[in-house]
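Protein chains in written order, with our numbering: chain X, 8 to 298; chain V, 85 to 376.
Ideal Cβ positions, reconstructed from N, Cα and C, are used throughout, including at glycine.
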Amino acid sequence: MHAALGKKRTVICFLLPAVLVYTISVILPIFWSGYYSLFDWNGIGEKIFVGIGNFQELIGDQELWSSAWKTIVYTFFQVVLQVGGGLLLALLLTKIVVGRKIFQTLYYIPVIISSVALCQMFKKIFAVQPVGLFNQLLALINPDWIRLQWISNVKTSLGMVIFTAGYKDMAVYMLIFFAALLSVPPSLKEAARIDGASGFQIFWKITLPHLRPTIAANVILVLNGALRVYDIPRLLTMGGPVLSSETQALYMYKMAFTSMRYGYGSAVAMFIVAEALFLALVVKKLLKTEE
Amino acid sequence: MENQKILTGSGASGKKKVRKAVQNTLAMLAACIVLTLMVYPLIYTVLNSLKSFEDFSSHPQYSLPKALYFENYTKVFENNFVRYFGNSVLIAVLVVIFTVVFAAMAAFAISKLRFRGQKKMEIFFLLGLMIPYQVALLPLFLTYSKMGILNTYFCLVLPQVAFGLPFSIQLFLAFFSQYDNEVLEAAVMDGCSIERAFISVVLPMCRNIIVTVATLRAIFSWNEYIFSYTFVNTKKMMTVVLGLSSFVGEEGRVDWGPTFAAITVTVIPTLFVYAFLGKHMQAGLNEGAVKG
Numbered sequence: 008m009h010a011a012l013g014k015k016r017t018v019i020c021f022l023l024p025a026v027l028v029y030t031i032s033v034i035l036p037i038f039w040s041g042y043y044s045l046f047d048w049n050g051i052g053e054k055i056f057v058g059i060g061n062f063q064e065l066i067g068d069q070e071l072w073s074s075a076w077k078t079i080v081y082t083f084f085q086v087v088l089q090v091g092g093g094l095l096l097a098l099l100l101t102k103i104v105v106g107r108k109i110f111q112t113l114y115y116i117p118v119i120i121s122s123v124a125l126c127q128m129f130k131k132i133f134a135v136q137p138v139g140l141f142n143q144l145l146a147l148i149n150p151d152w153i154r155l156q157w158i159s160n161v162k163t164s165l166g167m168v169i170f171t172a173g174y175k176d177m178a179v180y181m182l183i184f185f186a187a188l189l190s191v192p193p194s195l196k197e198a199a200r201i202d203g204a205s206g207f208q209i210f211w212k213i214t215l216p217h218l219r220p221t222i223a224a225n226v227i228l229v230l231n232g233a234l235r236v237y238d239i240p241r242l243l244t245m246g247g248p249v250l251s252s253e254t255q256a257l258y259m260y261k262m263a264f265t266s267m268r269y270g271y272g273s274a275v276a277m278f279i280v281a282e283a284l285f286l287a288l289v290v291k292k293l294l295k296t297e298e
Numbered sequence: 085m086e087n088q089k090i091l092t093g094s095g096a097s098g099k100k101k102v103r104k105a106v107q108n109t110l111a112m113l114a115a116c117i118v119l120t121l122m123v124y125p126l127i128y129t130v131l132n133s134l135k136s137f138e139d140f141s142s143h144p145q146y147s148l149p150k151a152l153y154f155e156n157y158t159k160v161f162e163n164n165f166v167r168y169f170g171n172s173v174l175i176a177v178l179v180v181i182f183t184v185v186f187a188a189m190a191a192f193a194i195s196k197l198r199f200r201g202q203k204k205m206e207i208f209f210l211l212g213l214m215i216p217y218q219v220a221l222l223p224l225f226l227t228y229s230k231m232g233i234l235n236t237y238f239c240l241v242l243p244q245v246a247f248g249l250p251f252s253i254q255l256f257l258a259f260f261s262q263y264d265n266e267v268l269e270a271a272v273m274d275g276c277s278i279e280r281a282f283i284s285v286v287l288p289m290c291r292n293i294i295v296t297v298a299t300l301r302a303i304f305s306w307n308e309y310i311f312s313y314t315f316v317n318t319k320k321m322m323t324v325v326l327g328l329s330s331f332v333g334e335e336g337r338v339d340w341g342p343t344f345a346a347i348t349v350t351v352i353p354t355l356f357v358y359a360f361l362g363k364h365m366q367a368g369l370n371e372g373a374v375k376g
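In structure tokens form, the structure reads like this:
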């Protein structure tokens, strides 16, 4: 029996397809990217070795830091919206007595709509020319508000990106929290209630501590996704107007594919990887020591 | 439990009952408001896709269509969308098949077969969850363009399979860890080869998890944007999502009707899959997220 399960040929034959595909498309490109980042190269001419030159340029690159800062702001609000909002929605679900399943199913719809479709919908809803749904509704309250700009406004464009992304994925975390909430032992809550604890006290002292590992896992998940966000800012605002919603992934794409600076674009990509790993580590540490 | 109910039910009952009823009503109200926010944009899109240009420009957008107008949909289907649909379906099917087969095999090996470095192999695949796909984008683009395989199904399917493996393998691993070895051992004792046992014993037991992984991958693949946007620049190879993007650029400036129709057309298949298999999909996302 054990011999059969340990046969080398069998093991290799089961692992090989996945290992091969995964190594070629996911693991090797990291090394290639690292390698390209040491060169000045536009894809057509000679590769010129510049060593850490690209990384030195990163340090003084204002647009990179500005896009990195926007990404941090974006990420912070994604954590608030998706983890916080998701938890609120999950709590709401537990309070619904009739048709809970239906609500749960329908809340999930934005998750399965493609970013392209969702961004198109929001572009129309928040449009100014011709006037979109949102401003038509606002105009019912105050006719002047019909001219308010949302997506094409330097002050609100990043906010719109944050809102759209949060809206799209909130229900994912709602479901995770909902499952976790159902696993809180009812006997504990019952005991607290008999001791005269209020609903809020029960939540704060019993439910929330129970949810802590789930919250930590969700924060890491959101963080990981948000730091690399590309779709929604690209599709909703194109990073604009005047770079006001340009995230670091958009900047990387612009450097690599629009400006054809393959070496520098790769350096930006390496920067994103390093930053994502670093922040994930910091957050993991922070959430652990709090326990 | 029963006793408690009777106790609380008899004594301080009236006030509590009223409070409970008020709470339930408030929760229901909040739930309905959230529901409107989550679903209305889609309803708005479908309704407006059925309006003529006159109807659309002379009435508020929240009003219902005055008459059902299907011309918008004709425009969508005259614009290559049949081809885009074919591409997206084919790609999704290939991605699902390869991801499920490869992930199931690898997870089976990691959790049931015996070899040195099993744990390391698991971590190797888990690493993929942390890697931003941007890093891979440029190297893959350069490789594909050097090989002359940009604008092929191959270059659209391969990275999607590869980047889908870590999560899918994780789901299969979670499943296999609860799965009893006895049946497998019995089959092997009976002289069945591992390969045979995998196909005729293990896979049938995985039915649920296979449906979960397949549904998730199918929807992700249908909605995938960045790889196809980078690797495809011919109309012939465009997916539904890219087609929608380019259609809006060409048609959508003033007359929004066709855009709304195009959005509706691209969303309907995902809604169908979700309606029938959503349960599995949600269960899978939960499982993966909590374990991760």
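V/K363 has its alpha-carbon roughly 24 Å from the corresponding atom of V/V325. The Cβ-Cβ distance between V/M289 and V/N171 does not fall below 8 Å. For the 8 Å CB-CB criterion, X/Q143 and V/P144 form a contact. V/R198 and V/T183 have their C-alpha atoms some 23 Å from each other. Per DSSP, reduced to three states, the secondary structure at X/I227 is helical. Assigned with DSSP and collapsed to three states, V/I303 falls in helix. Interface annotation for the segment 249–276 of chain V against chain X: L249, P250, I253, E269, V272, M273, criterion Cβ-Cβ distance under 8 Å. Distances from the CA of V/E206 to each of V/P342, V/V272, V/A359, V/F251 were compared; the closest alpha carbon is that of V/F251.
In this structure, V/F331 lies away from V/G248, with their beta-carbon atoms at least 8 Å apart.
Taken in chain order, the unbroken stretches of alpha helix (DSSP H) that lie wholly in the segment 210–265 of chain V and span 4 residues or more are 218–231, 237–262.
One Cα belongs to X/I119, the other to V/A281, and the distance between them is close to 36 Å. Taking each of X/F264, X/V226, X/I213 in turn and checking the Cα distance to X/G91, the smallest one comes out for X/V226.
Cα atoms of X/R241 and X/D151: separation of roughly 30 Å, rounded to the nearest angstrom. Its Cα nearest to that of X/L113, the residue X/M177 stands out among X/I148, X/A187, X/M177. Across the structure, V/A105 and X/T171 are spaced so that their CA atoms are roughly 35 Å apart. Shortest Cα-Cα distance from V/V351 to any of V/G333, V/A187, V/E308 involves V/E308.
If you draw a straight line from the Cα of X/P216 to the Cα of X/K196, it is about 13 Å long. For the segment 207–219 of chain V, residues whose beta-carbon sits nearer than 9 Å to a beta-carbon of chain X comprise F208, F209, L211, G212, L213, M214, I215, P216, Y217, Q218, V219. When C-beta atoms of the segment 204–221 of chain X are compared with those of the segment 266–279 of chain X, fewer than three pairs fall below 8 Å, so the two segments do not count as touching.
Nearest to V/F315 by C-alpha distance, out of V/F192, V/T227, V/V245, is V/T227. Here X/S194 is exposed: its Cβ has fewer than 16 other Cβ atoms, across all protein chains shown, within 10 Å. The beta-carbon of X/I119 is placed less than 8 Å from the nearest beta-carbon of chain V.
X/Q143 has a beta carbon lying within less than 8 Å of a beta carbon in chain V. Here DSSP, grouped into helix, strand and coil, assigns X/F133 to coil. Across the structure, X/E253 and X/K162 are spaced so that their CA atoms are roughly 13 Å apart. When the five nearest sequence neighbours on each side are left out, the beta carbons in the same chain lying within less than 7 Å of the beta carbon of X/A233 are those of Y81, T82, Q85, in order along the chain. The alpha-carbon of V/A188 is positioned some 19 Å away from that of V/Q366. For V/D139, the three-state secondary structure derived from DSSP is helix.
Contact of V/R198 with chain X is assigned, a C-beta pair being separated by under 8 Å. Residue state for X/I51 is assigned as coil, using DSSP reduced to three classes. The beta carbon of X/L250 sits closer than 8 Å to the beta carbons of E70, S73, S74 from its chain, once the five residues preceding and following it are set aside; these are given in chain order. Considered as a whole, the segment 134–222 of chain X harbours 140–148, 164–189, 193–201, 206–209 as its complete alpha helix (DSSP H) runs of no fewer than 4 residues, in chain order.
Beyond the five residues adjoining it in sequence on each side, X/F62 comes within less than 7 Å, by CB distance, of A274 in the same chain, given in chain order. For the 8 Å CB-CB criterion, V/T348 and V/S195 do not form a contact.
Exposed is the label assigned to X/N149, since fewer than 16 other Cβ atoms lie within 10 Å of its Cβ. The distance from the Cβ of X/Y180 to that of X/G41 is about 33 Å, inconsistent with a contact at the 8 Å cut-off.
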